[in-house]
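Residue numbers (our numbering), protein chains in the order written: chain L, 216 to 350; chain S, -8 to 95.
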Amino acid sequence: MTPRPRCISVGRRKPMARHRADISVLGASSRITGNVRGAGGLRVEGSVKGEVTVDGPVEIAGGATVAGNVEGESLDLEGILEGDASVSGPIRVGARATATGTFRSSQVTIEPGARVALQLDNDFELDLGPARRGR
Amino acid sequence: MAGTVIGEGLTIEGEVVTEEEVVVNGTVRGTLSSGDLVSVGAGGVIEADVQAASLSVAGQVTGNVNAQDRIDIQAGGRLVGDVKAARLTIADGASFKGNVDMDV
């Protein structure tokens, strides 16, 4: 019996940038109404109602909500996103995440259990599985 | 580690409401309300009215400040606006312009 695939994945694989010093954090009790933009990465643990535009990785933690469009280097979603995401790197939608909107990225991973109503707009090559990789 | 850190290069325009400590090394425009300490780093800029438990300024704050406990303007820090706080310190080398209400 073959193991069930753990996630749906399309697109090129690219490692996520992590542990950068210029990461901003919007804590769990933080509510922001307005736009967040600028340099570096951003981790949202609270809620943002507005546009998020940064040049680093964006993380929307479990329990966090973003109602607005997100632009960044990559997106790691564990919370709720109501809006479009446009990133140069990968998007990961975690098992407890909720997402509605359009995703533009190099790669999208949607883990089982995630609640999504999405349009995906990706440039990708078909992933032919591990046997064909490393050619 | 503070609950909310607005990093260098990041700008928030709008309303920020939080119960946690806030460190501002970037820019906040609009209003900022925290139930804890707000510290503005040397490169940080707040162009907003601030409501906080206490405020520490090593960067620039333009706006009216209402702190339940205290306001500390550190050397190199700059605050332009009216302040209301139980305690206020202005370090040597700090700049301040505005009215002070210490609720006496």
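All residues carry an ideal CB built from backbone N, CA and C; glycine is no exception.
On a predicted model such as this, the values are computed, not experimentally measured, just so you know.
Excluding the five sequence neighbours on either side, which residues of its own chain have a C-beta within less than 6 Å of the C-beta of Ser262 (chain L), listed in chain order?
-> Arg246 and Thr280
Answer with yes or no whether the minimum CB distance from Val7 (chain S) to chain L is below 8 Å.
-> yes
Proximal residues of chain L, C-beta to C-beta of Ile(-3) (chain S) below 7 Å | Ser239
Alpha carbon of Gly(-2) (chain S) to alpha carbon of Asp237 (chain L), nearest angstrom = 6 Å
Can you list, in chain order, the residues of its chain whose CB lies under 6 Å from that of Leu70 (chain S), leaving out five sequence neighbours each side?
-> Val48, Val52, Ile64 and Phe87
Taking 8 Å as the CB-CB cut-off, is Val251 (chain L) touching chain S?
-> yes
Would you say Thr2 (chain S) reaches chain L, if we count a Cβ-Cβ gap shorter than 8 Å as a contact?
-> yes
Taking Cβ positions, are Glu297 (chain L) and Gly316 (chain L) nearer each other than 8 Å?
-> yes
Starting from Leu343 (chain L), trace the beta strand (DSSP E) both ways and give me its first and last residue.
-> Note, Leu343 (chain L): premise wrong, no beta strand (DSSP E); not H, not E.
Members of the stretch 13 to 31 of chain S that neighbour chain L once the beta carbon cut-off is set at 7 Å = Gly17 and Gly21
Excluding sequence positions up to five away, which residues of its chain have a Cβ less than 6 Å from the Cβ of Pro230 (chain L)?
-> Caution is warranted here: a pLDDT of 41 is assigned to Pro230 (chain L), below 50, making its placement in the model unreliable, and the coordinate value is therefore given only provisionally. Taken in chain order, the list of residues that qualify is empty.
Which class does Glu6 (chain S) belong to by DSSP, given the choice of helix, strand or coil?
-> strand
Would you please verify whether the beta carbon of Ser303 (chain L) is less than 8 Å from any beta carbon of chain S?
-> no
Would you decide whether Thr80 (chain S) is buried or exposed? Buried here means 16 or more other CB atoms lie within 10 Å of its CB.
-> exposed
Give a yes or no on whether the minimum CB-CB distance between Gly(-6) (chain S) and chain A is below 8 Å.
-> No chain A appears in this structure, whose protein chains are L and S.
CB of Ala82 (chain S) within 8 Å of CB of Met93 (chain S), strictly = no
Given Gly54 (chain S), which residues of its chain have a CB within under 7 Å of its CB, disregarding the five upstream and five downstream residues?
-> Ile37, Glu38, Ala39, Asp40, Val41 and Gly72
Indicate the three-state DSSP secondary structure (helix, strand or coil) for Asp73 (chain S) in the structure shown.
-> coil
Please name the residue, chosen from L:Arg258, L:Thr268 and L:Ala312, that lies closest to Glu4 (chain S) on a Cα-to-Cα basis.
-> L:Thr268
Within the same chain, show all residues whose beta-carbon is closer than 6 Å to that of Ala58 (chain S), passing over the 5 residues directly before and after it, in chain order.
-> Ala43, Ser45, Leu46 and Ala76
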